[in-house]
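By full-length UniProt numbering, the letter at position 226 of the first sequence is numbered 226, and the numbering carries on one by one without gaps.
Backbone N, C-alpha and C define an ideal beta-carbon position, used for all residues, glycine too.
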Amino acid sequence: MYSSFDDNISARKLFDTTPVNVLDIVSWNTLIDGCVKSGDLDLAREIFDRMPERNDVSWTAMISGYAKSGELDVAQSLFDKMMPVCRNVMTWNSMISGFAKSGFLSLARKMFDDMPCKNIVSWNIMVSGYAQCGELEVARCLFDDMEVKDVFSWSCMIAGYAQNNRGEDGLNLFREMLAEDCIRPNEVTLVSVLSVCGHLVALDQGKWIHSYIDRNGCKVSGNLGAALIDMYAKCGCVENAVEVFQKMNDKNISTWNALITGFAVNGVADGAIEAFSQMQKLEMKPNSITFLGVLMACCHGGLVEEGRRYFEIMSKTYEIQPEMKHYGCIIDLLGRAGLLEEAEAIVKTMTVKPDVMVLGALFGACRIHGETLIADRLRKDFLRMKSREAGCHILLSNIYAAAGRWADACSTRSMLTMHEIKKGVGLSSVELPKI
DNA sequence: TTAGGGTTAG
């Protein structure tokens, strides 16, 4: 009865109108749980403080709520106040997870080592914590030490490799996972592995995973569909991406975003725009990533008019404030079209300071169009950033060189050597053998 | 009480 609320007003009403001793402890706990889940920690705390008696479930719900929202000091003080015998494994796990997610790995580890009784979740939290912080070797040691692993353990470790540019290790671990008898990948695992295939442009492996999904009758949810579409798009197979999209029943915003971005990165601007108007017809609400995709499409297709329009409706109609990446796209688009002053004017309206990428887009345009005046104006802002991004220094130097301003070109170049900034190595990819 | 993705620029 008290398990969920449409809004916290009903929880508040119930709490205010019910005499304290009418409810039993289970109902009180459910009430707290509902408030914590809906994000109203203050109300949960008020209820917790006024409860006639509390048990481990009440304490754990509060501690977990604070730990999840990053209020670790409050969580810790409640944990300390709690009778040690009342602390259960979930109480400990909530604290460990809170510390690990906030990057306090040594604190998490200390609690993990101190806890009287661990379960598989405790191990998974630590594996995930290390993996997310890029400490993959520590994560892997813990993972290998686990006597029993579940799908969470495998997914955490694979995602860790995926997020830290160790995609091949992720794929190898996925192969090991498939060889295990009692474990099957789920949607989360598959999304991670598909993302690896996309980044590595490993089309054969991506196709194999697609057929695995079909063979095993996995339901292609909105998110899994998005991962498949994204994988095909990153491998340059727009037709396959579209086919996946068309076959899906329950498309969500991520599915649409994957399709639009897929069209955009493959230079199919009209496909992206068409998909966006379909979304509008279906009254599917776009988000900031949808607009990034559409703007990217305009940028690739040189569609200035459309780009301007989408950039405008984004905030005016949909109330989505442009982020740095949206600015990057529109400035790149205008800059390439030679509309440098308009691009510079947008830079000036930005509420956040333009980053190196945004300035880089404008420098790039200055170089294409032989525009030195704007480059001069932006140069100070750029130098103030003390950026170690070699590309911008080189662009700037090339702008001056093209204009015959050799002294400026040399001084810009010398910044590179002075600050020991090195240009990153060019990379290309090679397809891996099949699974 | 634990796990996931979407991105371009010279």
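Cutoff 7 Å; reference M415; Cβ partners in own chain excluding five residues on either side:
The residues are H393.
When we look at the beta-carbon of D42 and count the other beta-carbons within 10 Å, is it buried (16 or more) or exposed?
Exposed: under 16 other Cβ atoms inside 10 Å.
Based on Cα-Cα distance, which residue from A403, W406, A345 lies nearest to L378?
Of the candidates A403, W406, A345, A345 places its Cα closest to the Cα of L378.
How many whole angstroms separate the CB atoms of G262 and V238, which I take to be in contact at a CB cut-off of 8 Å?
Contact flag correct, Cβ pair sits at about 6 Å.
Say whether the stretch 124 to 135 touches the stretch 83 to 92, bearing in mind that this needs 3 or more beta-carbon pairs closer than 8 Å, one atom from each stretch.
At 8 Å Cβ cutoff, the stretches do not touch.
Identify whether D40 lies in helix, strand or coil by the three-state DSSP scheme.
It is coil, neither helix nor strand.
Alpha-carbon spacing of S211 relative to V193, whole angstroms:
Roughly 14 Å separates the two Cα atoms.
Supposed contact pair V358 and I331 - C-beta distance, whole angstroms, cut 8 Å:
Yes, I331 and V358 are in contact; Cβ-Cβ is about 6 Å, under 8 Å.
Is the beta carbon of C298 closer than 8 Å to that of L340?
It is not a contact, given that the beta carbons lie outside the stated cut-off.
Run the CB neighbour count on E371, radius 10 Å, all protein chains shown included, and call it buried at 16 or more, exposed below.
Classification for E371: buried.
What is the residue span of the alpha helix (DSSP H) that A269 lies within?
Unbroken alpha helix (DSSP H) run through A269: 269 to 281.
Mind reading off the beta-carbon distance from N257 to A233? Whole number of angstroms is fine, and I expect it under 8 Å.
The distance from the Cβ of N257 to that of A233 is about 11 Å, inconsistent with a contact at the 8 Å cut-off.
Can you find the residues in the same chain that come closer than 6 Å, C-beta to C-beta, to A403, ignoring five residues on each side of it along the sequence?
Setting aside the 5 residues that flank it on each side, A403 is surrounded in the same chain by T372, each with a C-beta closer than 6 Å to its C-beta; the list follows chain order.
Which listed residue (N164, A179, L333, D376) has its alpha carbon closest to that of V199:
Reading off the sequence, residue 199 comes out as His, not Val. When each option's Cα is compared against that of H199, the closest is N164.
Taking only three categories from DSSP, how would you classify M385?
Three-state result, M385: coil.
In the DSSP assignment, find the alpha helix (DSSP H) that holds C392 and state where it starts and stops.
390 to 402 is the extent of the alpha helix (DSSP H) around C392.
Looking at A61: is its Cβ nearer than 8 Å to the Cβ of V85?
Their beta carbons are not under 8 Å apart, which means A61 does not touch V85 by this criterion.
Using the Cα positions of V20 and A100, report the straight-line distance between them to the nearest angstrom.
V20 and A100: Cα-Cα distance of roughly 37 Å.
Residue ranges of each alpha helix (DSSP H) run of no fewer than 4 residues wholly in the UniProt repeat "PPR" (150 to 184), ordered along the chain?
Whole alpha helix (DSSP H) segments, 4+ residues: 151 to 163, 167 to 179.
Assign G426 to buried or exposed, taking buried as 16 or more other Cβ atoms, counted over all protein chains shown, within 10 Å of its Cβ.
Because the pLDDT of G426 is 49, which lies under 50, any placement of that residue in the model is unreliable, and the number read from its coordinates should be weighed accordingly. So G426 ends up on the exposed side.
With DSSP run on the structure shown, which of helix, strand or coil describes A202?
A202: coil per DSSP, three-state reduction.
Roughly how many angstroms separate the alpha carbons of W225 and M83, rounded to a whole number?
The sequence given here places Gly at residue 225; Trp does not occur at that position. Their backbone Cα atoms lie some 47 Å apart in a straight line.
Please name the residue in I374, N223, A269 whose C-alpha comes closest to that of K348.
Ranked by Cα distance from K348, the options I374, N223, A269 are led by I374.
Grab the span of the alpha helix (DSSP H) containing M296 for me, first residue to last.
Taken as a continuous stretch (DSSP letters only), the alpha helix (DSSP H) holding M296 covers 288 to 301.
Quick one: Cα of W406 to Cα of F363, how far?
Cα atoms of W406 and F363: separation of roughly 17 Å, rounded to the nearest angstrom.
Select from C141, S38, D214, R50 the residue whose C-alpha is nearest the C-alpha of L23.
Comparing C-alpha distances from L23 to each of C141, S38, D214, R50 shows the shortest one belongs to R50.
So, for I96: in the same chain, excluding its five sequence neighbours on each side, which residues have a beta-carbon less than 6 Å away from its beta-carbon?
Answer for I96: A108, M111, F112, I125, listed in chain order.
Short Cβ contact (8 Å threshold) for L136 with Y161
By the CB criterion at 8 Å, L136 and Y161 fall inside the cutoff.
Residue from N223, A241, E243, I273 with nearest C-alpha to I253
Looking from the CA of I253, the closest CA among N223, A241, E243, I273 belongs to N223.
When the distance is taken between beta carbons, is S153 closer than 8 Å to M146?
Judged by beta-carbon spacing, S153 lies within the 8 Å limit of M146, meaning their Cβ atoms are closer than that value.
What residue does the alpha helix (DSSP H) around M115 start on, and which one ends it?
Here M115 belongs to no alpha helix (DSSP H), and DSSP marks it neither H nor E.
Give a yes or no on whether the C-beta atoms belonging to L190 and A227 are separated by under 8 Å.
For the pair L190 and A227, the CB atoms are nearer than the 8 Å cut-off.
Range of the contiguous alpha helix (DSSP H) that encloses M82
That residue, M82, is in no alpha helix (DSSP H); it is neither H nor E in DSSP.
Classify residue 445: buried if its beta carbon has 16 or more other beta carbons within 10 angstroms, exposed otherwise.
Since the displayed the chain opens at 1 and closes at 435, residue 445 lies outside it and no answer follows.
Tell me which same chain residues have a C-beta within less than 7 Å of the C-beta of S4, skipping the five on either side of it?
Reliability of the predicted coordinates at S4 is poor, the pLDDT of 49 falling under 50, and no value is obtained from them.
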